[in-house]
Amino acid sequence: MQDYQVIPITAADVVPTAEQMRAAGRMLIMIHGYVNKDGQKVVSYEYATDKGIASYSVTGADALPTISTIYSTAAEWPERELNELIGVEFTGLDTSVRLFLPDNLLEGNGQIMVTPLEELRAKNVEAKEK
Amino acid sequence: MTYTIPIGPYHPALEEPVHAKLYTDGEIISDAEVFVGYNHRGIEKLAMERNFIQTIVLVERVCGICSHSHALDYAMCVERIAQMDVPRRGQYIRVIIAELERLHSHYLWLGIACHLLGHDSLFMRIWDEREVIMDMLEKLSGNRVNYGMVIPGGSRRDVNDSQRQELLELLEHIVPPVDRIKDILLNDKTVAMRTQGVGVLTTEDALRLGAIGPHARASNVKIDVRRDMPYCCYDEFDFDVPVWESGDVFARVVIRVLECYESVKIIRQALENLPEGPINLGNKIPRVPAGEVVSLHEAPRGQLVYKLVTDGGPNNHRLSIHVPTFRNAPTIPTMLRNNTVADAGLIIASIDPCFSCLDR
């Protein structure tokens, strides 16, 4: 069974934690994000430990420093994806081009996770008709 | 002369749509960019409106090749949050299907690699052998793809004694063809000329860019979730994690052949030691409390990551899927640099990309 541990951190801890993990040779498994029931953005950085995963979680931050300078593309693509999905800004990361979502679906970022599916379907049809 | 050459999104050398821009100096690629998103289906968004049984069906359709991997990883997330103790027989059956899936996925890619490097007779030979694996999967699950063998709490279908004996006999017939395929791939001049020293990813670059799976192991990075963070009783099986030093397309070919032997070894052990007992905890929709968990599975292309967040309700609050190609695709520009345009298709294909998985 893989161990899983959640460790709450602040936005200021993101880079020092990444540097510490990189120095220890720990793999960045994923960067995950969602909007909780209180409407706060939650971003977690999942690192491999000896027998499992440590999840360093930041709650309520709209902007975070990028760790792509430390973990290269292993962090860059997940950060760009999260910027599209939940609208978190990653300081120092170029998000001018969308990674996954079509350019003509929804203006701006961060709406897709909070927009009801029916509304999204209608917008998708509208975008295709244009 | 410098040129910008587009490849894709639709191109004969690509099995799925992806777009790459090659910046070349004459025939030599000086830099490249990769653009994805052509298969985006909003699976993660759809999962937010599905319950824990419906989601199994949904995630199996993320990918047609590694559908069992997706269902297995999702089920492990649900089981962890709901504290379900999966019966050992159910775990063993999951392992058997997972390794058969690895075999047919590796055969599929080896065939495509041979086709791309101009060895079509070997391509047909490998795909012919792949049919044996597909038949085995069909015997066990009733399907050639999307096996539907996983439910939260175990496996959906059992493996009876006659199936077990039949599979053990079929396994005996898998190894000799792999020996012959390995012999050709390792010694054929055409294969060597098209793959050796082509699309090199050094160990240092593999670690820096976060490459995973067979792609990383071909660059001498010894990582494998089955060994490093065992799950599904993988710690009860004896198998090796092969690595290769050269980091080129040839290494990626060799690694996948060597991994076929390890998968056969695991399947044989699982069939010979299949525990008695139930295969699952029943077919009811599980009650899943609020929680979050990350689950890792070594899919055929590398580490598959699922993160599930639940809020105590009937549906997933958030499901995140990070597939191996998500980690390996960003290594493509590094591999392409200083290679010729003619090799670009083969180099892109050499990570065994699944852009349907990647885009979700």
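Going down the list, the sequences are from chains A and Y. Residue numbers are given in the numbering used here: position 127 of the first sequence equals residue 311, and the series is strictly consecutive. Residue numbers are given in the numbering used here: position 68 of the second sequence equals residue 141, and the series is strictly consecutive. Cβ coordinates follow ideal geometry from the N, Cα and C atoms, glycine included. If you're wondering where the values come from, they're calculated on a predicted model, not measured in any experiment.
C-alpha distance - residue i paired with residue j, whole-angstrom precision
i	j	result
threonine 138 (chain A)	alanine 372 (chain Y)	Absent from the model: residue 138 (chain A). The displayed extent of chain A is 185 to 314, so no value can be given.
glutamate 265 (chain A)	valine 281 (chain A)	11 Å
aspartate 246 (chain A)	glutamate 273 (chain A)	6 Å
alanine 196 (chain A)	serine 241 (chain A)	12 Å
leucine 304 (chain A)	glycine 115 (chain Y)	10 Å
arginine 299 (chain Y)	glycine 99 (chain Y)	44 Å
asparagine 220 (chain A)	histidine 92 (chain Y)	35 Å
leucine 354 (chain Y)	arginine 229 (chain Y)	10 Å
isoleucine 313 (chain Y)	lysine 295 (chain Y)	This sequence places aspartate at residue 313 (chain Y); isoleucine is not what is there. For aspartate 313 (chain Y) and lysine 295 (chain Y), the distance between alpha carbons rounds to 10 Å.
alanine 307 (chain A)	leucine 301 (chain A)	Reading off the sequence shown, one finds lysine at residue 307 (chain A), where the question assumed alanine. For lysine 307 (chain A) and leucine 301 (chain A), the distance between alpha carbons rounds to 10 Å.
arginine 400 (chain Y)	isoleucine 129 (chain Y)	23 Å
valine 159 (chain Y)	serine 252 (chain A)	38 Å
serine 214 (chain Y)	glycine 221 (chain Y)	7 Å
aspartate 321 (chain Y)	serine 228 (chain A)	34 Å
methionine 209 (chain Y)	asparagine 412 (chain Y)	40 Å
threonine 299 (chain A)	isoleucine 213 (chain A)	28 Å
alanine 324 (chain Y)	serine 292 (chain Y)	8 Å
aspartate 146 (chain Y)	glutamine 376 (chain Y)	10 Å
glycine 226 (chain Y)	asparagine 389 (chain Y)	17 Å
aspartate 222 (chain A)	methionine 302 (chain Y)	34 Å
glutamine 269 (chain Y)	isoleucine 405 (chain Y)	17 Å
arginine 267 (chain Y)	isoleucine 101 (chain Y)	16 Å
threonine 194 (chain A)	cysteine 150 (chain Y)	26 Å
isoleucine 254 (chain Y)	alanine 155 (chain Y)	45 Å
threonine 97 (chain Y)	glycine 81 (chain Y)	16 Å
isoleucine 169 (chain Y)	valine 273 (chain Y)	33 Å
glycine 209 (chain A)	tyrosine 231 (chain A)	10 Å
aspartate 256 (chain Y)	isoleucine 206 (chain Y)	20 Å
proline 403 (chain Y)	isoleucine 237 (chain A)	23 Å
glutamate 268 (chain A)	arginine 341 (chain Y)	45 Å
histidine 288 (chain Y)	threonine 75 (chain Y)	30 Å
lysine 212 (chain Y)	leucine 173 (chain Y)	12 Å
proline 79 (chain Y)	leucine 95 (chain Y)	6 Å
aspartate 252 (chain Y)	leucine 259 (chain Y)	10 Å
Cβ shell of residue i (< 7 Å), same chain only, five flanking positions each side left out
i	result
arginine 391 (chain Y)	Met121 and Val382
isoleucine 358 (chain Y)	Asn124, Phe125 and Ile126
arginine 48 (chain Y)	Given a span of 74 to 433 for chain Y in the structure shown, any question on residue 48 (chain Y) remains unanswerable.
alanine 171 (chain Y)	His141, Ser142 and Leu145
glutamine 224 (chain A)	Thr243 and Gly244
valine 337 (chain Y)	Leu244, Ile247 and Val248
asparagine 131 (chain Y)	Here the sequence assigns leucine to residue 131 (chain Y), which means asparagine is not the residue at that position. Excluding residues within five positions, the ones whose Cβ falls inside 7 Å are Ile116, Leu119, Ala120 and Arg123.
alanine 363 (chain Y)	Thr383, Asp384 and Gly385
isoleucine 352 (chain Y)	Pro160, Arg162, Gly163, Ile166, Gly227, Ser228 and Asp231
CB contact check: residue i to chain D, cutoff 8 Å
i	result
leucine 212 (chain A)	Among the protein chains in the structure shown, which are A and Y, there is no chain D.
8 Å Cβ shell around residue i - same chain, five flanking residues per side excluded
i	result
valine 135 (chain Y)	Ile116, His143, Ile394, Val396, Ser429, Cys430 and Arg433
glycine 110 (chain Y)	Asp432
threonine 263 (chain Y)	Leu190, Gly191 and His192
leucine 419 (chain Y)	Ala86, Ala186, Leu189, Leu190, Arg267, Thr268, Val271, Gly272 and Val322
Beta-carbon proximity list for residue i, same chain, < 6 Å, skipping 5 on both sides
i	result
proline 192 (chain A)	Ser241
histidine 113 (chain Y)	Asp432
histidine 315 (chain A)	Because residue 315 (chain A) is not part of the residues shown, which for chain A are 185 to 314, the question remains open.
alanine 202 (chain A)	Ile251 and Ile254
**Prompt:** Along the region 298-332 of chain Y, what residues have a CB closer than 9 Å to any CB found in chain A?
**Reply:** The region 298-332 of chain Y vs chain A, Cβ under 9 Å: Val298, Asp301, Met302, Pro303 and Tyr304.
**Prompt:** If you measure beta-carbon to beta-carbon, which residues of the region 244-267 of chain A are closer than 9 Å to chain Y?
**Reply:** Listed in chain order, the positions of the region 244-267 of chain A with a beta carbon within less than 9 Å of a beta carbon of chain Y are Tyr255, Ser256, Thr257, Ala258, Ala259, Glu260, Trp261, Pro262 and Glu265.
**Prompt:** Is the region 228-245 of chain Y touching the region 135-154 of chain Y in the sense that three or more CB pairs, one from each, lie closer than 8 Å?
**Reply:** The count of Cβ pairs closer than 8 Å, one atom from the region 135-154 of chain Y and one from the region 228-245 of chain Y, stays below three, leaving the stretches out of contact.
**Prompt:** Does the region 361-369 of chain Y come close enough to the region 162-180 of chain Y to have 3 or more Cβ pairs within less than 8 Å?
**Reply:** The region 361-369 of chain Y makes no contact with the region 162-180 of chain Y: fewer than 3 CB pairs, one atom from each, lie closer than 8 Å.
**Request:** Give, in chain order, every residue of the region 380-396 of chain Y whose Cβ lies closer than 8 Å to some Cβ of chain A.
**Result:** Listed by position, the residues of the region 380-396 of chain Y near chain A (Cβ gap below 8 Å) are Lys380, Val382, Asp384, His390, Arg391, Ser393 and His395.
**Asked** Given 8 Å as the limit, is there contact between the region 312-319 of chain Y and the region 328-338 of chain Y, that is, 3 or more CB pairs closer than that?
**Response** Contact holds: three or more Cβ-Cβ distances are below 8 Å.
**Item:** Cβ-based contacts, 9 Å cut-off: residues of the region 268-286 of chain Y near chain A
**Value:** Flagged, chain order: Leu280, Arg281, Leu282, Gly283, Ala284 and Ile285.
**Message:** Across the region 339-347 of chain Y and the region 192-199 of chain Y, are there enough close Cβ pairs to call them in contact, namely three or more that are closer than 8 Å?
**Reply:** Flag = no, the region 339-347 of chain Y and the region 192-199 of chain Y do not touch.
**Item:** Inter-stretch contact at 8 Å, needing at least 3 Cβ pairs: the region 219-234 of chain Y / the region 374-381 of chain Y
**Value:** Result no; under three Cβ-Cβ pairs closer than 8 Å.
**Message:** With three or more C-beta pairs closer than 8 Å as the rule, is the region 184-191 of chain Y touching the region 417-431 of chain Y?
**Reply:** Of all C-beta pairs linking the region 417-431 of chain Y to the region 184-191 of chain Y, three or more are shorter than 8 Å, placing the two stretches in contact.
**Prompt:** Taking the runs of the beta strand (DSSP E) that are 3 residues or longer, which of them lie wholly in the region 346-417 of chain Y?
**Reply:** Annotation note: the region 346-417 of chain Y contains the following uninterrupted beta strand (DSSP E) runs of length 3 or greater, listed N- to C-terminal: 364-372, 375-383 and 389-395.
**Residues within the region 214-244 of chain A neighbouring chain Y, beta-carbon criterion of under 7 Å** = Using a CB distance below 7 Å, the part of the region 214-244 of chain A facing chain Y consists of Met214, His216, Tyr218, Lys221, Glu230, Lys235, Gly236, Ile237 and Ser239, ordered along the chain.
**Prompt:** Mind listing which residues of the region 118-132 of chain Y have their C-beta closer than 9 Å to chain A's C-betas, in chain order?
**Reply:** Within the region 118-132 of chain Y, the residues whose Cβ lies closer than 9 Å to any Cβ of chain A are, in chain order, Lys118, Leu119, Met121 and Glu122.
**Asked** When you check each C-beta in the region 81-113 of chain Y against every C-beta of chain A, which residues fall closer than 9 Å?
**Response** Flagged, chain order: Phe108, Val109, Gly110 and His113.
**Message:** Against chain Y, which members of the region 187-212 of chain A pass a CB distance test of less than 9 Å?
**Reply:** Hits within the stretch, in order: Asp187, Tyr188, Val190, Gly209, Met211 and Leu212.
**Selection of the region 348-370 of chain Y by Cβ proximity to chain A, strictly under 9 Å** = From the region 348-370 of chain Y, only Glu365, Val366, Val367, Ser368 and Leu369 have a Cβ closer than 9 Å to chain A.
**Request:** Give a yes or no on contact between the region 248-258 of chain A and the region 74-86 of chain Y, applying the rule of three or more CB pairs nearer than 8 Å.
**Result:** With the cut-off at 8 Å, the region 248-258 of chain A and the region 74-86 of chain Y do not touch.
**Secondary structure, alpha helix (DSSP H): runs of 4+ residues fully inside the region 293-325 of chain Y** = Those alpha helix (DSSP H) runs which fall completely within the region 293-325 of chain Y and span 4+ residues are 298-301.
**Cβ pair count under 8 Å reaching 3, the region 160-171 of chain Y against the region 404-421 of chain Y** = In short, these stretches do not touch, since the Cβ pair count stays below three.
**Request:** Identify every run of the alpha helix (DSSP H) within the region 191-270 of chain Y, keeping only runs that are complete inside it and at least 4 residues long; order them along the chain.
**Result:** Positions of the alpha helix (DSSP H) runs, each at least 4 residues long and wholly inside the region 191-270 of chain Y, are given as 193-214, 234-260 and 262-268 in order along the chain.
**Prompt:** When Cβ atoms are compared, which residues of the region 271-284 of chain A fall closer than 9 Å to chain Y?
**Reply:** Of all residues in the region 271-284 of chain A, the ones placed with a Cβ closer than 9 Å to any Cβ belonging to chain Y are Val281, Arg282, Leu283 and Phe284, in chain order.
**Message:** Ignoring anything shorter than 3 residues, give me the beta strand (DSSP E) runs that lie fully in the region 92-135 of chain Y, in order along the chain.
**Reply:** Runs found: 92-98 and 101-108.
**Prompt:** Where in the region 191-241 of chain A do unbroken runs of the alpha helix (DSSP H), each at least 4 residues long, occur, reported from the N-terminal end onward?
**Reply:** Listed in chain order, they are 198-207.
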